[in-house]
Amino acid sequence: MASVSTSHSSSKLTVASQVPFTDLCSTLERIQKSKSRSDKTKYFRDFLASWRNFHDALHKNEKDVIDSFYPAMRLILPQLERERMAYGIKETVLAKLYIELLNLPKDGKDALKLLNFRTPTGSQGNVGDFAMIAYFVLKSRCINQGQLTIQQVNDLLDSISNNNAAKRKDLVKKSLLQLITQSSALEQKWLIRMIIKDLKLGVSQQTLFSVFHPDAAELHSVTTDLEKVCRQLHNPSISLSDASISLFSPFKPMLASIASVGQIEKQMNNQAFYIETKLDGERMQMHKDGDVYKYFSRNGYDYTQQFGASPLEGSLTPFIHQAFKNIQNCILDGEMMAYNPTTQTFMQKGSKFDIKRMVDDSELQTCFCVFDVLMVNDQKLGHEMLSQRCHILNTIFTPIPGRVQIVSKIQASTQKEVVDALNEAIDNREEGIVIKNPMSIYKPDKRGEGWLKIKPEYISGLMDELDLLIIGGYWGKGLRGGMMSHFLCAVAETPLPGEKPSKFHSICRVGSGCTMKELYDLGLKLASYWKKYDRKVPPCNILCAVEKPQAYIDPCNSVIVQVKAAEIVSSDMYKTECTLRFPRIERIREDKEWYECMTLDLLEQLRSKASGKLATKHLDIVEDEPQEKKRKTLAKIKKIGLMDHFKAPDLSKIHKVSNIFEDVEFCIMTGTQNYSKSALESKIAEYGGSIVQNPGPDTYCVVAGTENVRVKNIISSNIYDVVRAEWLLQCFQAGKFVPWHPAFMIHMSPETKQHFACEYDTYGDSFTADTDPLELKAVFSRINTSEEISQDVIADIEARFSWESSLSMFRQQTIYLSLSDEMSNSRDRINQTRCLTVELILRFHGAKVVSQLEEGVSHVISGDHSDLKKIKAIRRTFKKKFKIVSEQWIKDSVKAGELQNENLYIM
Numbered sequence: 001m002a003s004v005s006t007s008h009s010s011s012k013l014t015v016a017s018q019v020p021f022t023d024l025c026s027t028l029e030r031i032q033k034s035k036s037r038s039d040k041t042k043y044f045r046d047f048l049a050s051w052r053n054f055h056d057a058l059h060k061n062e063k064d065v066i067d068s069f070y071p072a073m074r075l076i077l078p079q080l081e082r083e084r085m086a087y088g089i090k091e092t093v094l095a096k097l098y099i100e101l102l103n104l105p106k107d108g109k110d111a112l113k114l115l116n117f118r119t120p121t122g123s124q125g126n127v128g129d130f131a132m133i134a135y136f137v138l139k140s141r142c143i144n145q146g147q148l149t150i151q152q153v154n155d156l157l158d159s160i161s162n163n164n165a166a167k168r169k170d171l172v173k174k175s176l177l178q179l180i181t182q183s184s185a186l187e188q189k190w191l192i193r194m195i196i197k198d199l200k201l202g203v204s205q206q207t208l209f210s211v212f213h214p215d216a217a218e219l220h221s222v223t224t225d226l227e228k229v230c231r232q233l234h235n236p237s238i239s240l241s242d243a244s245i246s247l248f249s250p251f252k253p254m255l256a257s258i259a260s261v262g263q264i265e266k267q268m269n270n271q272a273f274y275i276e277t278k279l280d281g282e283r284m285q286m287h288k289d290g291d292v293y294k295y296f297s298r299n300g301y302d303y304t305q306q307f308g309a310s311p312l313e314g315s316l317t318p319f320i321h322q323a324f325k326n327i328q329n330c331i332l333d334g335e336m337m338a339y340n341p342t343t344q345t346f347m348q349k350g351s352k353f354d355i356k357r358m359v360d361d362s363e364l365q366t367c368f369c370v371f372d373v374l375m376v377n378d379q380k381l382g383h384e385m386l387s388q389r390c391h392i393l394n395t396i397f398t399p400i401p402g403r404v405q406i407v408s409k410i411q412a413s414t415q416k417e418v419v420d421a422l423n424e425a426i427d428n429r430e431e432g433i434v435i436k437n438p439m440s441i442y443k444p445d446k447r448g449e450g451w452l453k454i455k456p457e458y459i460s461g462l463m464d465e466l467d468l469l470i471i472g473g474y475w476g477k478g479l480r481g482g483m484m485s486h487f488l489c490a491v492a493e494t495p496l497p498g499e500k501p502s503k504f505h506s507i508c509r510v511g512s513g514c515t516m517k518e519l520y521d522l523g524l525k526l527a528s529y530w531k532k533y534d535r536k537v538p539p540c541n542i543l544c545a546v547e548k549p550q551a552y553i554d555p556c557n558s559v560i561v562q563v564k565a566a567e568i569v570s571s572d573m574y575k576t577e578c579t580l581r582f583p584r585i586e587r588i589r590e591d592k593e594w595y596e597c598m599t600l601d602l603l604e605q606l607r608s609k610a611s612g613k614l615a616t617k618h619l620d621i622v623e624d625e626p627q628e629k630k631r632k633t634l635a636k637i638k639k640i641g642l643m644d645h646f647k648a649p650d651l652s653k654i655h656k657v658s659n660i661f662e663d664v665e666f667c668i669m670t671g672t673q674n675y676s677k678s679a680l681e682s683k684i685a686e687y688g689g690s691i692v693q694n695p696g697p698d699t700y701c702v703v704a705g706t707e708n709v710r711v712k713n714i715i716s717s718n719i720y721d722v723v724r725a726e727w728l729l730q731c732f733q734a735g736k737f738v739p740w741h742p743a744f745m746i747h748m749s750p751e752t753k754q755h756f757a758c759e760y761d762t763y764g765d766s767f768t769a770d771t772d773p774l775e776l777k778a779v780f781s782r783i784n785t786s787e788e789i790s791q792d793v794i795a796d797i798e799a800r801f802s803w804e805s806s807l808s809m810f811r812q813q814t815i816y817l818s819l820s821d822e823m824s825n826s827r828d829r830i831n832q833t834r835c836l837t838v839e840l841i842l843r844f845h846g847a848k849v850v851s852q853l854e855e856g857v858s859h860v861i862s863g864d865h866s867d868l869k870k871i872k873a874i875r876r877t878f879k880k881k882f883k884i885v886s887e888q889w890i891k892d893s894v895k896a897g898e899l900q901n902e903n904l905y906i907m
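Going by this note's numbering, 299 is the number at position 299 of the sequence shown; the sequence numbering is gapless.
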């Protein structure tokens, strides 16, 4: 951090007003480029320590200082400041602003790079990463050193946010222009990421919180106030005395995790539990103190204005204020629902209404369904057992049907009761059920600590699935950059008997459900068929409504995907006038032709079948097999026996710490010197992955620490990707899914090899990613020095990445020096040295210099006229004619820094 004199400091000075924004950007750059988690945290810790030291010097003799690390922290974790930093700006808006500001030709190379940042092209790296693409466009057009402090950047960003809320677009643009004109390209790269709220640092929010203060994550979970966290925990040596839920401070609610019906009894420790209906509304918390009310969403957004800050206003508070019994203050957790008083039923969230924006003349009314209480009359209840909290909840208010109600629960203890409750929820067209442990305490921002949820879509066989045709695609960003990450799907107009459908109606956009490998495979299969979608002249056989794809594919070249969803809901975004709620690709229907997708008639039948709900089947209990039969089976297995390295590991007691490998299947062949095969398998289970002992059709990859006969057999099959164990270890260390690169690969399947060919050169060097000395050394080790790289290839690479300079002016020229023959005959050492110098100058500036006159030569450099007759005679025999020029052409070109007109030097 730049040193700043504090001799003139006053109470108005803050650290943020003295620290250059470029210092923060340099730190973020180092964090992003670091490979290890320890290095990333070190750079953040160093910046933080420097800030705190500066703070202590600046405010040495002051009391009640409110200055803190918040101005920097809100830029490092912008995703936590969504409400305060709501800019209404996405990549396309920024692209248009840059084009206007830099006066770029609208159809020029750089303008198209910015506008089509997600679309892969032959000359564009960093596909999908707008900030990086903007950086390279701006690099030669911006000031080298930014002039703004961190405080000034915050002030300008706040101005953008405030003016965006007030819809003053001209002032938004003015503030953006100030940021752009006073920042370097590197600073703008990070500004863009802050505005888009995705810094791509490769380190988690929890990790940064833990470095800032051990209690930071806990305090944020009960306040969702980043500024409060930074001020209250400024001193790392002072522990937090009370991190609990408090009045009018939004907290992150406790959540339920997905559960398996067969495991419920075990997860509830074979004790009684509660079953509640899973309500399909908006999670909301209500804070009340006398006549003052506040309402916050699960993400901490304030919706008080909608529901009512007092008994005199809002869509809810006036109707429920009198329901409270001698209650001064309380905090309630529940679900905000839309209630239809005519039918006396709750509306599902998929219907065409928004509970957060209900209008007064709506036929629906707002109802708060309460299932928990966290405080009453200043008594905090978070550490009380759920059973006690439920007892207290029943004493707080008198329920008013359709306005404020207590979520009903039943007490159960068996799997059968869970199945019956789920089947009843299916019959009632409800979202599912929630299972709660009566002894659980309330843990903000925790999932699954005694709370479990079961929905029909989590259970195989309960949902009607739809076979939809892919008709459009959307380019991805980040890890999915350069590939289609989401797809527009359609159903067919019902054709006449015996005919194939000719028109297709869009129904939904879907991107989840596929693993990265499945996306790669699907991308490779469809890659050559994608066409740019022209909104002015759309394809006549693909019918869309508001939602349009970036690219489309002719139906006859496409594939059918089997999609699972919760329900069919009305929507004017798609041609079918309906869409799917929570769609997810289950599998690609290789067994079906494109024309066998679902039709409009079948869709209408499904839609009317159960009011759009796709869960219509009941779950049946499969009785456990008799214990005697189990014992016999186990005895038989034990008698036969298995060698240790063929046994599946016992992963039942593994505690899951992450979901980065969720739905990913691995086959570990061998371990490393430091990690055995079983140790790697246990770690994979900790990170949510599954293990098989022999690779199958669903296996993501085979992992090998050392190569043995089994590994060699897998390689020879040429079916599976075989990856070094070092890749797994890097994933564990980084706490995220680290993308493959060639150094990790022992063997590549044909599909992966084809994908890598688009991302890396033949030596494993990435076309887009930064490298370091060690990686560069590894790349050089793979290059055969006897192999000569084509000058055309080098020239093409230089053109692709805009590396052309005076040092490559002769790049595409193949030159023969007739000086060399002349000098070698004369044996004149001085002239030979001069000849060698000319050759070195040519090579240095990119030319290919050949030792003999051969087909393909573009220029011959002649020292005098003595050999002209002989050279011209040879030229007449060549198919491609070369030019004979004087040595002066080289000298003048080098001096000018660009190729001179060769016709002026013809001999």
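For every residue, glycine included, the Cβ atom is placed at its ideal position computed from N, Cα and C.
- Close CB contacts of residue 310 within its chain, under the 8 Å cut and outside five residues either way in sequence, are with 291, 292, 293, 317 (chain order).
- Cβ contact annotation for residue 84 (same chain, cutoff 8 Å, sequence separation greater than five): 74, 158, 161, in chain order.
- Residue ranges of uninterrupted alpha helix (DSSP H) with 4 or more members, entirely inside the segment 316-399 and ordered along the chain, are 317-320, 386-393.
- The straight-line gap separating the alpha-carbon atoms of residue 417 and residue 340 is approximately 30 Å.
- Out of 502, 492, 483, the CA that lies nearest to the CA of residue 525 is found in 483.
- When the Cα atoms are used, residue 210 and residue 80 turn out to be separated by approximately 16 Å.
- Judged by DSSP secondary structure, residue 33 falls within the alpha helix (DSSP H) whose first and last residues are 21-33.
- Taking the Cα of residue 381 as reference, the smallest distance to any Cα among 441, 404, 346, 167 is reached at 441.
- Taken in chain order, the complete alpha helix (DSSP H) segments of 4 residues or longer contained in the segment 857-889 are 868-875.
- Judged by their CB atoms, residue 735 and residue 207 are nearer to each other than the 9 Å cut-off.
- Taking C-beta atoms under 8 Å as the contact rule, residue 560 and residue 518 fail to qualify, at a distance of about 14 Å.
- In the three-state reduction of the DSSP assignment, residue 464 falls in the coil class.
- When only Cα atoms are considered, residue 706 and residue 670 end up about 6 Å apart.
- Per DSSP, residue 289 is one residue of the beta strand (DSSP E) stretching across 282-289.
- The DSSP-derived three-state label of residue 720 is coil.
- According to the DSSP assignment, residue 190 belongs to the alpha helix (DSSP H) that extends over 185-196.
- Burial is judged here by how many other beta carbons sit within 10 angstroms of a residue's own beta carbon; residue 476 has at least 16 and is buried.
- Between the segment 222-241 and the segment 59-77 there are three or more C-beta pairs closer than 8 Å, enough to call the two in contact.
- For residue 484, no alpha helix (DSSP H) encloses it; the enclosing beta strand (DSSP E) starts and ends at 484-492.
- When the beta-carbon positions are compared, residue 349 and residue 298 stay at least 9 Å from each other.
- Excluding residues up to 5 positions away in sequence, 276, 277, 279, 334, 335, 369, 370, 371 lie with their Cβ nearer than 8 Å to the Cβ of residue 407 in the same chain.
- Shown here for residue 541: same chain residues with a beta carbon closer than 7 Å to its own, the five before and five after excluded, namely 502, 503, 504, 555 in chain order.
- When only Cα atoms are considered, residue 460 and residue 682 end up about 27 Å apart.
- With a threshold of 16 other beta carbon atoms within 10 Å, residue 532 falls short and is exposed.
- A direct Cα-to-Cα measurement between residue 138 and residue 185 gives close to 5 Å.
- In the DSSP assignment, residue 745 is bridged to 723.
- For residue 495, the closest alpha carbon among the candidates 355, 744, 602 is that of 602.
- Under DSSP, the beta-bridge partners assigned to residue 405 are 369.
- Between the segment 49-67 and the segment 94-102, the count of C-beta pairs closer than 8 Å stays below three; the two stretches do not touch.
- Within the model, the alpha-carbon separation for residue 181 versus residue 463 is close to 55 Å.
- For residue 890 against residue 868, the beta-carbon gap comes to about 18 Å, at or over 8 Å, which does not count as contact.
- According to the DSSP assignment, residue 686 belongs to the alpha helix (DSSP H) that extends over 677-686.
- If you check the CB distance, residue 727 and residue 703 come in under 9 Å.
- Of the other Cβ atoms in all chains shown, 16 or more fall within 10 Å of the Cβ of residue 133; this residue is therefore buried.
- Going by beta carbons, residue 551 and residue 448 fall outside the 9 Å limit.
- When the Cα atoms are used, residue 425 and residue 465 turn out to be separated by approximately 19 Å.
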